[in-house]
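In terms of our numbering, the sequence shown opens at residue 74 and continues consecutively. Here's the structure we're looking at; comments come further down.
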Amino acid sequence: MSEVRAGTLARLAVLAAAAAAVPAAPAVAQVVVTPFVGAYVPGNELFKEGGPADEGRQRPAPLGGIRITVSGSGILGLEGSLAYGPSDLRFKTAGMESEVDGGLLFASLRAVLIVNSVWAPVNIYLAGGGALVHRTGPAYEGATDVSTLGGTVGFGFLFRLSPAVRLRFEAEDVITAPSITFPGAEATGARTQHDFLLSAGVSVPVGF
74 MSEVRAGTLA RLAVLAAAAA AVPAAPAVAQ VVVTPFVGAY VPGNELFKEG GPADEGRQRP
134 APLGGIRITV SGSGILGLEG SLAYGPSDLR FKTAGMESEV DGGLLFASLR AVLIVNSVWA
194 PVNIYLAGGG ALVHRTGPAY EGATDVSTLG GTVGFGFLFR LSPAVRLRFE AEDVITAPSI
254 TFPGAEATGA RTQHDFLLSA GVSVPVGF
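Following this line, the structure appears as structure tokens:
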């Protein structure tokens with residue numbers, strides 16, 4: 074009986090060693106698409122000197138867009154996003170205010186890091202990278218330097234609805250320093266601009 078038991082243990086040891094010697098399969102990159110809606114909120118004035126008025130400020134607006142995330146580990150991913158908000162531009166001169174139709178197009182490329190267990194029912198993540206803001210519409214007709222490069226930071230939550238589908242909420246700060254030249258006016262002084270994007274979307278993995 075002892076010989077049989079010893080032989081069985083020896084065979085198990087050989088199988089365990091063979092299993093350990095087999096390299097783990099490489100992580101398969103996952104692509105997740107997140108359409109979202111939300112709100113754009115300006116953090117401060119666009120300009121307070123130069124320009125066609127004493128002060129110019131974007132107006133809050135609804136927001137819509139899409140994010141595409143590529144991740145090999147499930148913890149760290151690379152994400153590209155595109156969003157648009159029909160934000161009018163409010164001019165203020167000598168106490169008088171007027172608004173002209175406008176719009177803001179946001180594009181970004183950033184890293185996304187989940188800071189808690191990927192198996193948790195709610196994931197918390199941080200994000201940061203580069204961003205581009207393009208200003209469009211009648212408010213910027215004839216203006217130059219309406220596209221500005223900058224950075225973006227944000228955080229959010231992923232709520233697991235199923236093994237694959239998640240509900241996603243995010244707050245993002247797009248930071249730029251635009252200096253825009255409007256027709257017949259001097260260039261606005263470059264000042265730090267904070268554009269806040271608040272969004273909610275559904276994240277769904279896609280296969281190839």
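For glycine and all other residues, C-beta sits at the position ideal for the given N, C-alpha and C.
Assigned exposure category for residue i - 16 Cβ within 10 Å defines buried
| i | result |
| --- | --- |
| Asn117 | exposed |
| Gly175 | buried |
| Pro256 | exposed |
| Val191 | exposed |
| Thr225 | buried |
| Pro135 | exposed |
| Ser154 | buried |
| Ser272 | buried |
| Glu259 | exposed |
| Ser144 | buried |
| Leu182 | exposed |
| Leu234 | exposed |
Residue i - partner residues in DSSP beta bridges
| i | result |
| --- | --- |
| Pro135 | Ala112 |
| Ser144 | Gln103, Gly150 |
| Asn196 | Leu231 |
| Arg163 | Arg130, Glu172 |
| Asp218 | Answer is none; Asp218 lacks a bridge partner. |
| Val226 | Gly201, Asp246 |
| Ala156 | Gly138, Phe179 |
Three-state secondary structure (DSSP) of residue i
| i | result |
| --- | --- |
| Pro278 | strand |
| Ala212 | helix |
| Phe120 | strand |
| Phe255 | coil |
| Val188 | coil |
| Arg130 | strand |
| Val247 | strand |
| Gly262 | coil |
| Ala180 | strand |
| Val206 | strand |
| Ala273 | strand |
| Ala98 | In this prediction, Ala98 has a pLDDT of 38, which is less than 50 and means its spatial position is unreliable; what the coordinates show is noted afterwards. It is coil, neither helix nor strand. |
Contact set for residue i: own chain, Cβ-Cβ below 6 angstroms, skip 5 residues either direction
| i | result |
| --- | --- |
| Gly274 | Thr107, Pro108, Phe109, Arg241 |
| Leu171 | Sequence inspection shows Ser at residue 171; the Leu mentioned does not correspond to that position. Contacts found: Phe164. |
| Ala217 | It is Thr, not Ala, that sits at residue 217 in the sequence shown. Once the five neighbours on either side are set aside, the close Cβ partners of Thr217 are Thr254. |
| Glu128 | Glu118, Lys121, Lys165 |
| Ser276 | Val105, Thr107, Arg239, Arg241 |
| Arg231 | Reading off the sequence, residue 231 comes out as Leu, not Arg. Within the same chain, Leu231 has close Cβ partners Asn196, Arg239, Arg241. |
| Glu243 | Gly227, Gly229, Ser272 |
Cβ neighbours of residue i in the same chain (closer than 8 angstroms, five flanking residues each side left out)
| i | result |
| --- | --- |
| Ala212 | Asp161, Leu162, Val173, Asp174, Gly175 |
| Thr261 | Leu119, Phe120, Glu122, Gly123, Gly124, Gly129, Pro251, Ser252, Ile253, Thr254, Phe255 |
| Ala90 | In this predicted model, Ala90 has a pLDDT of only 43, less than 50, meaning its place in the structure is not dependable; the value taken from the coordinates is given anyway. Once the five neighbours on either side are set aside, Ala90 has no close Cβ partner at all. |
| Ala167 | Asp127 |
Same chain, Cβ closer than 7 angstroms to residue i, neighbours up to 5 away in sequence not counted
| i | result |
| --- | --- |
| Leu199 | Leu186, Val188, Phe228 |
| Thr265 | Ile248, Ala250 |
| His207 | Leu178, Val219, Ser220 |
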